[in-house]
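Quick note on numbering that gives the first Met the number 0: the sequence shown kicks off at 0 and runs consecutively. Note that CB positions come from ideal geometry on N, CA and C, so glycine has one too. Take a look at the structure set out below.
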Amino acid sequence: MNRKAKITNILNENLDLYRCYVSDVSESHKGHSGYVKGEETHFEVFIISNDFENKNRLERHKMVNNFLKNEFLGSLHSITYKLMTVSESKKN
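In structure tokens form, the structure reads like this:
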């Protein structure tokens, strides 16, 4: 299973997801720190979930990072998050 699918599965198992998009952006980081040719090292993750209700931005990031901690022990270098609740998503 590739890392994108693994990340998606981990998020599905741990969060009540309204929407979730996981994008591998590794190739756009070619030549940057943490880039490894042929590896899925950099991602952008967009999640809408009411599990983020009453949590600030840092708490949300820590929550998701905790779910993905084993991936960071491998070659995963960086994830950019956009995390919001359902009501926050409807305001945008």
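If one requires a minimum length of 4 residues, the alpha helix (DSSP H) runs lying completely within the stretch 28-86 are 56-66 and 68-71, in chain order. Take the alpha-carbon of Asp23 and the one of Glu39: they are about 7 angstroms apart. Ile46 is the residue among Ser25, Ser88, Ile46 and His41 whose C-alpha sits nearest the C-alpha of Asn13. The residue among Ile9, Tyr17, Phe42 and Tyr20 with its C-alpha nearest the C-alpha of His76 is Phe42. Assignment of Leu14 by DSSP, reduced to helix, strand and coil, places it in the coil class. Taking C-beta atoms as the reference points, Tyr17 and Val63 fail to come closer than 7 angstroms. A direct Cα-Cα distance of roughly 9 angstroms separates Arg59 from Asp50. In the same chain as Lys54, and ignoring 5 residues on each side of it, the C-beta atoms closer than 8 angstroms to its own belong to Met62, in chain order.
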